[in-house]
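In my numbering, the protein residues as written are 5 to 137. Backbone N, C-alpha and C fix where the C-beta goes; we use that ideal spot for every residue, glycine too. Have a look at the structure below before the remarks.
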Amino acid sequence: MTPRLSSDKPWPTEAELDILRVLWERGPCTVREVHESLYGDDGAGYTTALKLMQIMHGKGLVERDDSQRAHVYRAAINKQRTQKRYLADIVQRLFDGSPSELVLHALGSHPGASREELREIRALLNKIESEGG
């Protein structure tokens, strides 16, 4: 089953997004692994990470395998769909629904896109144009 973000799932908080980033990057993890990745020896305690992940499980943002002593969590929502959901919201609310306004603003702001990013953007634009989009 592919994780996905449906419209009925709540928006992750900033702290929940931090946890999701770890799970998206590393795959299924225990609370201890997430805690060490995010906080190391600093910041929030283990119980804070545990409580956040329990809340996320209740919201349907993560799934939990409790077949072993140390529960293993994995993202229940897809990174790309989450990004698209946030991006669509930003485009609608801040750029009057205009994706081109967002792109122009992003490319024109400092520090700007790197040469490699600009090559990737050109390649994407060429692909879109060649497909008739």
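Next item on the list: Could you please give the first and the last residue of the uninterrupted alpha helix (DSSP H) stretch that includes Y50?
Entry: 50 to 63
Next item on the list: Keeping to the same chain, check which residues put their C-beta closer than 6 Å to that of E67; ignore five residues upstream and five downstream.
Entry: R78, A80
Next item on the list: Could you tell me whether the Cβ atoms of K63 and P14 are closer together than 7 Å?
Entry: yes
Notebook entry, point to check: Thinking C-beta only, is A19 closer than 7 Å to H39?
Noted result: no
Note to self: Classify I132: buried if its beta carbon has 16 or more other beta carbons within 10 angstroms, exposed otherwise.
What the structure shows: exposed
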